[in-house]
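The structure appears right after this line, and notes come after that.
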Amino acid sequence: MIEEILQKIEQLPPIPNVVTELQNLYYSDMYNASDIEQVINKDPNLVVDILKTANSPYYGFPREIHDIRQAVVLFGLDQIIEFALASTVEHMLQFNLDFYGINANQFMKMSVLKSNIAKELVPVKKDKFLVATTAFLCDVSKIVLSNYALEHKIEPISDPERLNVLDTIEKERIGDDSIEVAVVMFEKWNFSVEMITLLKQFKTGQKTNERALFVARDIVKIDGTVDKEYAQTLLEYSKIQKVLA
């Protein structure tokens, strides 16, 4: 990997303890709404950020959510963790995505869409959480790559490509692709072995979780839209139609 990119990753701050606590709580399978609320309330800024994300148009909830308890009951812990990760990433990274020709809103739309598609393709609850979280976060490395590309005046991406296709273009123009960089970032943030393994293997593996992540990145474009014509050629299309509607 390019040394300068490695240095940029090393300079990233750690994931807040509250987010790690929420993930541990989820995997313990012994929690209720009060437990979740208690953990989140340790970080008042995170409370504000989660409510802001929950009320954003990406999730399309019809009425305003006013407090954490309401958010937990409506969305569940897995979605709350996604909100927490979204706010964390937004704060720790400088969203200059000019290399890809998109803005932060398009990036967030893309991340949410990938997560929702991947989730639909996995039947087991715990695996849904693993795959959805990995899908949501696996392209956050594009923020690092975009900053590097702009600093080195590398030719920007002119068309909104599908994410799996975009990996090849990144490799050609920059020398590293998003998934390679994301693996290092996940390791830096001490994410679970299962998340890191999934990220390393999803392009070549054929297990359900791997295929779910592959399909999500294979039909979603960098600008948060879907290549519907291509999606209709996939065997999984019937399972994800409602997400794409």
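So the sequence shown is residues 1006 to 1250, counted in the working numbering. C-beta: ideal position from N, C-alpha, C; glycine also. Because the structure is a prediction, the values reported are computed rather than measured.
With distances taken between CB atoms, is the gap from residue i to residue j smaller than 8 angstroms?
i, j, result
"residue 1086", "residue 1016", "no"
"residue 1205", "residue 1188", "yes"
"residue 1228", "residue 1111", "yes"
"residue 1163", "residue 1144", "no"
"residue 1166", "residue 1114", "no"
"residue 1007", "residue 1122", "no"
"residue 1203", "residue 1218", "yes"
"residue 1159", "residue 1174", "no"
"residue 1186", "residue 1150", "yes"
"residue 1048", "residue 1021", "yes"
"residue 1077", "residue 1038", "yes"
"residue 1099", "residue 1169", "no"
"residue 1041", "residue 1055", "no"
"residue 1176", "residue 1014", "no"
Just the Cα atoms here: how many angstroms apart are residue i and residue j?
i, j, result
"residue 1207", "residue 1137", "13 angstroms"
"residue 1023", "residue 1222", "29 angstroms"
"residue 1191", "residue 1075", "30 angstroms"
"residue 1010", "residue 1026", "29 angstroms"
"residue 1198", "residue 1215", "14 angstroms"
"residue 1141", "residue 1096", "16 angstroms"
"residue 1196", "residue 1232", "30 angstroms"
"residue 1236", "residue 1243", "10 angstroms"
"residue 1046", "residue 1080", "17 angstroms"
"residue 1012", "residue 1067", "43 angstroms"
"residue 1249", "residue 1241", "12 angstroms"
"residue 1059", "residue 1124", "18 angstroms"
"residue 1051", "residue 1094", "12 angstroms"
"residue 1182", "residue 1070", "38 angstroms"
"residue 1224", "residue 1035", "36 angstroms"
"residue 1172", "residue 1139", "16 angstroms"
"residue 1126", "residue 1213", "8 angstroms"
"residue 1210", "residue 1062", "34 angstroms"
"residue 1091", "residue 1053", "13 angstroms"
"residue 1184", "residue 1157", "20 angstroms"
"residue 1129", "residue 1120", "15 angstroms"
"residue 1088", "residue 1106", "25 angstroms"
"residue 1161", "residue 1104", "4 angstroms"
"residue 1064", "residue 1230", "15 angstroms"
"residue 1057", "residue 1135", "24 angstroms"
Residue i bridges to which residues according to DSSP?
i, result
"residue 1226", "1167"
"residue 1231", "1225"
Considering only the alpha carbon of each residue, which of the options lies closest to residue i?
i, options, result
"residue 1031", "1127, 1238, 1083", "1083"
"residue 1102", "1147, 1051, 1054, 1185", "1147"
"residue 1200", "1239, 1133, 1240", "1133"
"residue 1131", "1194, 1033, 1230", "1033"
"residue 1247", "1106, 1118, 1089", "1118"
Note down, one range per segment and in chain order, each alpha helix (DSSP H) of at least 4 residues found wholly within the stretch 1006-1068.
Considered as a whole, the stretch 1006-1068 harbours 1008-1015, 1022-1033, 1038-1045, 1049-1059 as its complete alpha helix (DSSP H) runs of no fewer than 4 residues, in chain order.
Where in the stretch 1164-1222 do unbroken runs of the alpha helix (DSSP H), each at least 4 residues long, occur, reported from the N-terminal end onward?
You should have 1168-1178, 1183-1193, 1198-1206.
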